[in-house]
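Read through the structure below, which is laid out as structure tokens, and then see the notes.
4 protein chains.
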Amino acid sequence: MKDDKLSTHEKTILDAAITDLVIANRILARENIIDNFGHVSVRHPLRDDRYLLSRSRSPANVTRTDIMEFTLDGELIGDDPRMPYSERHIHGAIYKDRPEVNAVTHHHARSILPFTMQSISLRPMFHMAAVIGKEVPTWESQDEFGDTNMLVDSMEMGHSLSRTLGQNTVALLRGHGCICVGPNVKAVCFVSMGLRDNAALIQQTMQLGAVTYLTDGEIEKTGSMLLGDMALARTWDYWTARAGFSGL
Amino acid sequence: MKDDKLSTHEKTILDAAITDLVIANRILARENIIDNFGHVSVRHPLRDDRYLLSRSRSPANVTRTDIMEFTLDGELIGDDPRMPYSERHIHGAIYKDRPEVNAVTHHHARSILPFTMQSISLRPMFHMAAVIGKEVPTWESQDEFGDTNMLVDSMEMGHSLSRTLGQNTVALLRGHGCICVGPNVKAVCFVSMGLRDNAALIQQTMQLGAVTYLTDGEIEKTGSMLLGDMALARTWDYWTARAGFSGL
Amino acid sequence: MKDDKLSTHEKTILDAAITDLVIANRILARENIIDNFGHVSVRHPLRDDRYLLSRSRSPANVTRTDIMEFTLDGELIGDDPRMPYSERHIHGAIYKDRPEVNAVTHHHARSILPFTMQSISLRPMFHMAAVIGKEVPTWESQDEFGDTNMLVDSMEMGHSLSRTLGQNTVALLRGHGCICVGPNVKAVCFVSMGLRDNAALIQQTMQLGAVTYLTDGEIEKTGSMLLGDMALARTWDYWTARAGFSGL
Amino acid sequence: MKDDKLSTHEKTILDAAITDLVIANRILARENIIDNFGHVSVRHPLRDDRYLLSRSRSPANVTRTDIMEFTLDGELIGDDPRMPYSERHIHGAIYKDRPEVNAVTHHHARSILPFTMQSISLRPMFHMAAVIGKEVPTWESQDEFGDTNMLVDSMEMGHSLSRTLGQNTVALLRGHGCICVGPNVKAVCFVSMGLRDNAALIQQTMQLGAVTYLTDGEIEKTGSMLLGDMALARTWDYWTARAGFSGL
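Residue numbers (the numbering used here), protein chains in the order written: chain P, 1 to 248; chain C, 1 to 248; chain D, 1 to 248; chain W, 1 to 248.
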């Protein structure tokens, strides 16, 4: 979407989305969700069939000029010689299958890795993890693709992963990491951190005894409260300050 | 309590209480007790039936102008369009039931979460945790309130939690976190950190063998020594410097 | 020892000892050996019957002007209205019993606490811990003193603890922490860190299987090599830079 | 190799190698791979029979002027009164035995220590660890050398260790640490971090159940992808920024 085709109002909306996306990159790096690898995208705020994602770069280093625009099939919009993430197809496939999803992260927070190869439930056991939803399925790349370089680097693989995700908020990738989705970029950051902490806490709790998971009702009520405007505003204010963000 | 009704001496006292409360917010954030959520309050230094608490904001970001004044029933004093914490009723209910308590924290330090769903005692096992007292009861929100959004957001829930706390210094909330109380704001910071470390150490010790808890006599003698003026002054000096505090 | 009684050469020696002691305070704070509580002392470089130790202050905040001089019985030299550490008697008792010891730390590094109540050996399992020596005894304050406030705050208690230490380099205090000794202040910092890491590693190893401790010969050869001038100079250079030390 | 014997082009190549080596020292320190001890070398870019390595100094503090040049037998090139690492023979022995190896680290990242005394496989269990290769052998210094000071401080010991390494990418040293090798300095940093994380994750996973290691095919495909130019450039960009590197 060329900038010169946009109205002033549209430019303002797009600019704000890019700003939040850059901030989200920095937040996820600061909070140890994403390190050298991993990424976060948002659906284009002006058209449902596009998404915004950095060029191939570690999120800690991402700036406004790194943000690229893609079709849901992963085609780059505009001329740009820089390399995109080869795993961008994760994002496009999910945006195709889940119209209500407007932000996606793919990361490898270490606490979740042990659970990608266990049948132990990652259902929320504490209130701040209610945002991850009741069930966390696991995708096994071997099932359809055999030995790979572990990257989800084609639309075919993206769609396979998206089928495993189904209507859930989080899916694990065996021996690799996870994907998290949300209605907006602030929410998907919250989901990513809730998942990280829930995995660490389940691991610790199992050393002591049985895990008491939240009930269905608790997950629903707590999850919708935490992803409401008020809670998200408070937490975004906190994460932004911690990320040392001082404007773009 | 409008400032213009206060004498110079009273203003000085109130100002000092607000300063310490802001510092306590920053200390608890710096020491990883409180993150995006959680809060700390003090009883109003000039009247027993009021308490001071930040508006709804992450403690790491709290400044003097964020501090609000409430009745023990959680009514905001004065006109202020900003949102208070919905869980402020924790504080009011405890101040009503425990006249000797002048500071309260509510937080979710991760090390304590596994213990909120176990019958393992969190009694102190090392001297710096003696400040948490001999017994740590757990509040189960399901018992009286069934499925909730996990927040203690009414006086009714606050009183229920306060009944579980009883005359103890700490109570856990299943799948949620804890509350800590103290005679002053420095003490309640110490209690919060002692609890955090005691939980982590009991978890580690149980991997090796049996836990040797402090005796009743050790808890009493060590606890009162650590909450004495001299020990609190030393530790407050340390925490304040670490929080990078350079005046309000 | 009044400064005006010292020759220029003696003043230089004393100044250097104080500088290193202040740096050691900061290093131990930076490396998470010591936090709000804990302390480090050195024997007076000009007379064997005195030691240097900060006034009662968290080591992270200690400066030159905080350093006090004591007799081995813990009597303060000179007029100084500031409070000394009540646990200074640990230091004096050890300096009396161990003429070759010139530096002592007392701290509560969390990794060692679980071992203060277990019969599991803290003997070195990796080369950098060889400096802690072959055996780590544990002192039980209940044996001679019953219920206390857990502080070693009299010469009687200091001597009791020193008897448990014997000719070893480290002793644990049940439910409290440890003491470490060394021929100089750089060595005692190394011992303190080696102990901290060895405890954490034994805990981790026991989750996997049996611990292979270093042999007697390995402990002797590695320990004396690591406490030699060359290794100590390299590590002091590293710790000093990390502590952000830029002169006194 | 005296600088005045080099052409301008050769000087540029050597300068770039030294720059990357200094950056690697700082990166490995920043990422907690190396602390007071440990080191990283590169083969001389202009001649196969030499390598570059800092003088005996903690990697966090290394600058350009600390870099020395050695023959593969560990002889220092040029006059330099400063002390080299006594364990430099690790590097020379490996460069002799493995012509395709151009960078070596020796470190003591804590997570690997428990595995140096267990028969548990450190084979990769997640994609970012694929770079460490299929097998991780362990060297036992007792076998050939009996009680030592644990240092690999002779060519004889270096060759013994290199024989254990064989054609693998990583070898453990019982009760000591590990060595990692790579085709270039960026790769060996990646290997070092992948090993550290893989050890921590296997330890965590074993608390929950069985470890699912990557297949041979996954290790081959993922490892070669991650050590390709594109992935290494992205991760080097990230590490360099985190290390706060602002030129030499």
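For each residue, glycine too, the CB sits at the ideal point set by N, CA and C. All figures in this text were calculated on a predicted structure; none of them were measured in a lab.
Item to complete: Please list, in chain order, all residues of the same chain as M83 (chain D) whose beta carbon is under 7 Å from its beta carbon, the five residues on each side excluded.
Response: Stepping through the third sequence from its first residue, residue 83 (chain D) is reached at position 83. Closer than 7 Å at the Cβ level, and outside the excluded window around M83 (chain D), lie R55, S56.
Discussion item. I'd like to know whether the C-beta of G247 (chain P) is nearer than 9 Å to at least one C-beta of chain W.
Written reply: Numbered from its first residue, the first sequence carries residue 247 (chain P) at position 247. Reliability fails at G247 (chain P), whose pLDDT of 47 lies under 50, so the model's placement of it is uncertain and the value that follows must be treated cautiously. By this cut-off, G247 (chain P) is not an interface position.
Worksheet entry | Rounded C-alpha distance that separates E75 (chain W) from V185 (chain W) | Taking the first residue of the fourth sequence as position 1, residue 75 (chain W) is located at position 75. Taking the first residue of the fourth sequence as position 1, residue 185 (chain W) is located at position 185. Cα to Cα, the separation comes out at about 22 Å.
Item to complete: Determine whether the Cβ of M128 (chain W) lies closer than 9 Å to any Cβ atom of chain P.
Response: Position 128 of the fourth sequence, counting from 1, holds the residue named residue 128 (chain W). Yes, contact with chain P.
Practice prompt. Could you list the residues in the stretch 94-120 of chain C with a C-beta less than 7 Å from some C-beta on chain P, going in chain order?
Written response: H108, R110, L113, P114, M117, Q118, I120
Worksheet item: Helix, strand or coil for V152 (chain D) per DSSP?
Response: Translated into the one-based positions of the third sequence, residue 152 (chain D) becomes position 152. Here V152 (chain D) sits in coil by DSSP.
Worksheet item: Which residue comes first and which comes last in the alpha helix (DSSP H) that contains R64 (chain C)?
Response: On the second sequence, residue 64 (chain C) is found 64 positions in, with the first residue counted as 1. Looking at the DSSP string, R64 (chain C) is not in any alpha helix (DSSP H), and its letter there is neither H nor E.
Worksheet item: Counting only beta-carbon atoms, is D80 (chain C) nearer than 9 Å to chain P?
Response: Residue numbering aside, residue 80 (chain C) sits at position 80 when the second sequence is read from its first letter. Not one beta carbon of chain P lies nearer than 9 Å to the beta carbon of D80 (chain C).
Worksheet item: With a cut-off of 9 Å, does the C-beta of T215 (chain D) fall near any C-beta of chain C?
Response: Along the third sequence, one-based indexing puts residue 215 (chain D) at 215. With 9 Å as the cut-off, T215 (chain D) does not count as an interface residue toward chain C.
Discussion item. Just to confirm the assignment: which complete alpha helix (DSSP H) runs, minimum length 4, are found wholly within the stretch 87-119 of chain W?
Written reply: 89-97
Discussion item. Check whether chain W comes within 9 Å of H176 (chain P), counting only Cβ atoms and requiring the distance to be less than that.
Written reply: Reading the first sequence from its first residue, position 176 is the one you call residue 176 (chain P). True, the Cβ-Cβ gap to chain W drops below 9 Å.
Fill in: Contacting residues, own chain, Cβ-Cβ under 8 Å from S86 (chain P) (five flanking each side not counted)
The residue you call residue 86 (chain P) lines up with position 86 of the first sequence. The residues are S56, L151, D153.
Item to complete: Thinking G38 (chain D) and H106 (chain D) are a contact (beta carbons under 8 Å), I'd like their distance in whole angstroms, please.
Response: Within the third sequence, the letter at position 38 stands for residue 38 (chain D). Within the third sequence, the letter at position 106 stands for residue 106 (chain D). Contact flag correct, Cβ pair sits at about 6 Å.
Worksheet item: Are G177 (chain C) and T138 (chain C) touching if we call contact CB-CB under 9 Å?
Response: One-based indexing of the second sequence puts residue 177 (chain C) at position 177. One-based indexing of the second sequence puts residue 138 (chain C) at position 138. For G177 (chain C) and T138 (chain C), no; Cβs fall outside 9 Å.
Item to complete: Kindly indicate if chain W contains any beta-carbon less than 9 Å away from that of R196 (chain P).
Response: In the first sequence, the residue the question calls residue 196 (chain P) occupies position 196. For R196 (chain P), the answer is no, since every Cβ of chain W falls outside 9 Å of its Cβ.
Worksheet item: Is the shortest distance between the beta-carbon of D35 (chain D) and the beta-carbons of chain A less than 9 Å?
Response: Protein chains P, C, D and W are contained in the structure displayed, whereas chain A is not.
Practice prompt. Determine whether the Cβ of L172 (chain D) lies closer than 9 Å to any Cβ atom of chain W.
Written response: Translated into the one-based positions of the third sequence, residue 172 (chain D) becomes position 172. Taking Cβ atoms only, chain W never reaches closer than 9 Å to L172 (chain D), which makes this a no.
Worksheet entry | CA nearest to the CA of G223 (chain W), picked from W:F126, W:L208, W:I179 | Looking up residue 223 (chain W) in the fourth sequence gives position 223. Of the listed residues, the one whose Cα sits closest to G223 (chain W) is W:F126.
Worksheet item: Out of curiosity, what's the CA-to-CA distance linking E69 (chain C) and L52 (chain C)?
Response: As a working note, residue 69 (chain C) is residue 69 in the second sequence. As a working note, residue 52 (chain C) is residue 52 in the second sequence. Looking at the backbone, the Cα of E69 (chain C) and that of L52 (chain C) are separated by about 5 Å.
Discussion item. Let me check understanding here. Comparing Cα to Cα, which of D:V136, D:S160, D:V40 lies closest to R97 (chain D)?
Written reply: Residue mapping note: residue 97 (chain D) aligns to position 97 of the third sequence, counting from 1. Note on residue identity: the sequence assigns Asp, not Arg, to residue 97 (chain D). Measuring from the Cα of D97 (chain D), the nearest candidate turns out to be D:S160.
Worksheet item: Apart from the five residues just before and just after L172 (chain P), which ones in its own chain have a Cβ nearer than 8 Å to its Cβ?
Response: Reading the first sequence from its first residue, position 172 is the one you call residue 172 (chain P). The answer, listed in chain order, is I112, F115, T116, L122, V136, P137, T138, W139, C178.
Discussion item. Quick check: what's the CA-CA separation for R196 (chain P) versus V170 (chain P)?
Written reply: Reading the first sequence from its first residue, position 196 is the one you call residue 196 (chain P). Reading the first sequence from its first residue, position 170 is the one you call residue 170 (chain P). Rounded to whole angstroms, R196 (chain P) to V170 (chain P) spans 11 Å at the Cα level.
Worksheet item: How is R242 (chain C) classed by DSSP in three states: helix, strand or coil?
Response: Residue 242 (chain C) sits at position 242 when you count from the first residue of the second sequence. Helix.
Item to complete: Express the C-alpha separation of G182 (chain W) and A200 (chain W) in angstroms, rounding to a whole number.
Response: Your numbering for residue 200 (chain W) matches position 200 in the fourth sequence. Your numbering for residue 182 (chain W) matches position 182 in the fourth sequence. A200 (chain W) and G182 (chain W): Cα-Cα distance of roughly 21 Å.
Discussion item. Any C-beta of chain C within less than 9 Å: which residues of the stretch 37-51 of chain D qualify?
Written reply: F37
Worksheet item: Between which two residues does the beta strand (DSSP E) containing I179 (chain C) stretch?
Response: Position 179 of the second sequence, counted from the first residue, corresponds to residue 179 (chain C). Residues 177-182.
Worksheet item: So, is K5 (chain P) buried or exposed, given that buried needs 16 or more other C-beta atoms within 10 angstroms?
Response: In the first sequence, counting from the first residue as 1, residue 5 (chain P) sits at position 5. Exposed: under 16 other Cβ atoms inside 10 Å.
Fill in: Proximal residues of chain P, C-beta to C-beta of N149 (chain C) below 7 Å
Position 149 of the second sequence, counted from the first residue, corresponds to residue 149 (chain C). In chain order: K221, T222, M225.
Worksheet item: Thinking just about the alpha-carbon of each residue, which of P:L227, P:D49, P:Y213, P:R30 is nearest to the one in I77 (chain P)?
Response: For the purposes of this step, residue 77 (chain P) is taken as the residue at position 77 of the first sequence. Considering only alpha carbons, the answer is P:D49.
Practice prompt. Alpha carbon to alpha carbon, how far is F245 (chain P) from A187 (chain P)? Give it in angstroms, no decimals.
Written response: As a position in the first sequence, residue 187 (chain P) is number 187, starting the count at 1. As a position in the first sequence, residue 245 (chain P) is number 245, starting the count at 1. Near 19 Å, if we compare the C-alpha coordinates of F245 (chain P) and A187 (chain P).
Worksheet item: Contact check, R64 (chain C) vs I18 (chain C) under 8 Å by CB: the rounded distance?
Response: Within the second sequence, residue 64 (chain C) is the residue found at index 64, counting from 1. Within the second sequence, residue 18 (chain C) is the residue found at index 18, counting from 1. The pair is a contact, with the Cβ atoms about 6 Å apart (cut-off 8 Å).
Fill in: Per DSSP, cross-strand counterpart(s) of V42 (chain C)
If you number the second sequence from 1, residue 42 (chain C) lands on position 42. Its beta-bridge partners are C:L52, C:A103.
Practice prompt. Could you tell me which of W:G133, W:W236, W:V42 sits nearest to Y213 (chain W), measuring between CA atoms?
Written response: Along the fourth sequence, one-based indexing puts residue 213 (chain W) at 213. Of the candidates W:G133, W:W236, W:V42, the one whose C-alpha sits nearest the C-alpha of Y213 (chain W) is W:G133.
Worksheet item: In terms of residue numbering, what span does the beta strand (DSSP E) encompassing V170 (chain W) cover?
Response: Along the fourth sequence, read from residue 1 onward, the residue named residue 170 (chain W) stands at position 170. Counting along the chain, the beta strand (DSSP E) containing V170 (chain W) begins and ends at 170-173.
Worksheet entry | With 16 other Cβ atoms within 10 Å as the buried cut-off, status of E100 (chain P) | Along the first sequence, read from residue 1 onward, the residue named residue 100 (chain P) stands at position 100. Under this definition E100 (chain P) is an exposed residue.
Discussion item. According to DSSP, is M68 (chain P) part of a helix, a strand, or is it coil?
Written reply: Along the first sequence, read from residue 1 onward, the residue named residue 68 (chain P) stands at position 68. Three-state DSSP puts M68 (chain P) in a strand.
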